[in-house]
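In what follows, a single structure is set out as structure tokens and then discussed.
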Amino acid sequence: MAHDGPKASDTYGYRKMDTEGLFKDVRRRVAPGLFKDVDREFRHKWLKAQELTAKEKAYHFFYLWDNPEYRKARLNPIRRIWQAPGEAFERALRPALGLQHAFVTKWLLGKSMWAVVGLWATAYYGMHNSGDRTRTGGWKARVSKPMTTESSPSFPLPDPKWERGTPDKYNSQGFDKNSTAIDIKPSLPVLY
């Protein structure tokens, strides 16, 4: 039987170090006789240590990604090269837009470029790989007759341009417009 190993832990199996001490709960601090001067001094030092300096307050998570060593540790070389133009664009926008808005602008612009490429690829496939009789794949486009309106010259009769008189006009998939396909004759007699 295999051994599953230790349970997952953020502290690698060790207890978390409680730097706040026994008096993090306000009820212990206000209890008579428990909270001494030594504890007050420790609590004051602990609270002072939690205050951020002006530099720490100014440091944002976005700046972490500007560190080349951090990026090198986090991202592979291909991804770093791929992201370089967007990162340069974002750094150029930061003075005007701020950190978050520059990042969001870069992100939205990148995703919209992906969307445009996807739409172009879809449109190209639809235009040049549409299903007709010459290929087995592709999208099969079915076009319905437009409605005959009062502005049509043949109203109230159907528009003769869209009328199909013979069965071979239905779902022809370009077969009737191809000169080679028109010349093809069956090897067996069709009519007796």
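According to numbering that gives the first Met the number 0, the residues represented by the sequence shown are 0 to 191, in order. Here a beta-carbon is modelled for each residue, glycine too, at the ideal position from N, C-alpha and C.
| Item | Value |
| --- | --- |
| Check Gln172 in the structure and name its three-state DSSP category. | coil |
| Does DSSP put Phe34 in a helix, a strand or coil? | coil |
| Less than 8 angstroms between the CB atoms is what I'm expecting for Leu92 and Ala83, so what's the real figure, rounded? | With a Cβ gap of about 15 angstroms, Leu92 and Ala83 do not count as contacting. |
| Give a yes or no on whether the C-beta atoms belonging to Pro157 and Thr148 are separated by under 8 angstroms. | no |
| I want to know whether the segment 38 to 46 touches the segment 16 to 27 - three or more CB-CB distances under 8 angstroms. | yes |
| Between the Cα of Leu63 and those of Gln172, Glu86, Met16, spot the shortest distance and give me the residue it belongs to. | Glu86 |
| Is it buried or exposed for Glu50, if we count other Cβ within 10 angstroms and need 16 for buried? | exposed |
| Helix, strand or coil: which one does DSSP assign to Arg42? | helix |
| Helix or strand or just coil, what does DSSP make of Phe154? | coil |
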